[in-house]
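In this text, residue positions in the sequence shown follow our numbering: the first is 37, and each later residue adds one. Note that beta-carbon positions come from the ideal geometry of N, C-alpha and C, so glycine has one too. Everything numeric in this text was worked out from a predicted model, so none of it was measured.
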Amino acid sequence: MSEIDHRTIIASLSAADRRDLTAKLDRPGIVRLTVHGGLVVVLGVLI
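Structure, rendered in structure tokens:
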């Protein structure tokens, strides 16, 4: 049985697939920051 390593799998991907898998998105971070800030404000008001 031959072993499959990550380099073999990455080399077999098309350029478009590789680009999609390595794309970085700002949206999840912005959502997390907004929710965190909102919770800080809401809990601060309650205190």
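- request: Since I believe residue 46 is in contact with residue 54 (beta carbons under 8 angstroms), could you give me their beta-carbon distance rounded to a whole number of angstroms?
  value: Position 18 of the sequence shown, counted from the start, is the residue given in the question as residue 54. Position 10 of the sequence shown, counted from the start, is the residue given in the question as residue 46. Yes, residue 54 and residue 46 are in contact; Cβ-Cβ is about 7 angstroms, under 8 angstroms.
query: What is the DSSP secondary structure of residue 52, reduced to helix, strand or coil?
result: One-based indexing of the sequence shown puts residue 52 at position 16. It is helical.
query: Using a Cβ-Cβ cut-off of 7 angstroms (strictly less than) and excluding sequence neighbours within five positions of residue 40, which residues of its own chain qualify?
result: As a position in the sequence shown, residue 40 is number 4, starting the count at 1. The beta carbon of residue 40 sits closer than 7 angstroms to none of the beta carbons in its chain outside the five residues before and after it.
task: Determine the DSSP secondary structure at residue 61, reduced to helix, strand or coil.
output: Locating residue 61 in the sequence shown gives position 25, counting from the first residue. Residue state, collapsed to three classes: coil.
Alpha carbon of residue 43 to alpha carbon of residue 78, nearest angstrom: Indexing the sequence shown from 1 puts residue 43 at position 7. Indexing the sequence shown from 1 puts residue 78 at position 42. Answer to the nearest angstrom: the Cα atoms are 48 angstroms apart.
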